[in-house]
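Participant: Structure incoming, see below.
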Amino acid sequence: MSLSIKSFLSIFLVSWLPFCESNTSEKLLTKKWKFASIDEVRKASSISSDDIGKNTKDENEELNKMLQDIYNKASYEFRKDKQYIITKQNKVDKGTWEFANDGRQIIVTDNKGQSTILYIKDLTESKLTLANTADTTGRTLTLIPF
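The sequence shown begins at 15 in my numbering and counts up by one.
Laid out in structure tokens, this is it:
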């Protein structure tokens, strides 16, 4: 049975598609990201509007300063060497990352061996949206590159 050059190239290209997808996702992910807005910081902190309503004016001002500080200082970096660095206000978390579930999840493992699954809701050149659950019941976090 002889294969034509067209058939051979078709088989070759189809067999490489999964690798191309992962490589594309990896290229999109590997950069520094920050919160898209202060509202994203608020969502990530799980502060409810009921809690804010119970605060005094001074407490709300202090909370807004804290959220602004987080917005200004926090970053998520996914490096090509499969290392990640998450910078928070006064803390830096480091570890490794890998794709799972056909690139729909990122598993981050800190330096103590604790793993966390992040569910990718959207990954483009200009936006990364992650969730802490696979369905819509969890919190989401939208990041932009910088």
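Glycine included, C-beta positions come from ideal geometry on N, C-alpha and C.
Would you call the stretch 95–109 in contact with the stretch 59–68, where contact means no fewer than 3 C-beta pairs closer than 8 angstroms?
Facilitator: At 8 angstroms Cβ cutoff, the stretches do not touch.
Participant: Under 7 angstroms: does the beta carbon of F113 sit that close to some heavy atom of the ligand SAH?
Facilitator: Among the components of this structure there are no ligands whatsoever, and the ligand SAH is therefore not found.
Participant: Just the Cα atoms here: how many angstroms apart are T150 and S129?
Facilitator: On the sequence shown, residue 150 is found 136 positions in, with the first residue counted as 1. On the sequence shown, residue 129 is found 115 positions in, with the first residue counted as 1. Taking the straight line joining both Cα atoms gives about 21 angstroms.
Participant: Indicate the three-state DSSP secondary structure (helix, strand or coil) for G109 in the structure shown.
Facilitator: Here residue 109 refers to the residue found at position 95 when the sequence shown is read from its first residue. Strand at G109.
Participant: Going by the CB atoms, is the gap between F160 and K87 shorter than 8 angstroms?
Facilitator: Within the sequence shown, numbered from 1, the residue matching residue 87 stands at position 73. Within the sequence shown, numbered from 1, the residue matching residue 160 stands at position 146. It is not a contact, given that the beta carbons lie outside the stated cut-off.
Participant: Roughly how many angstroms lie between the CA atoms of I121 and R93, to the nearest whole one?
Facilitator: Residue numbering aside, residue 121 sits at position 107 when the sequence shown is read from its first letter. Residue numbering aside, residue 93 sits at position 79 when the sequence shown is read from its first letter. Their Cα atoms are separated by approximately 14 angstroms.
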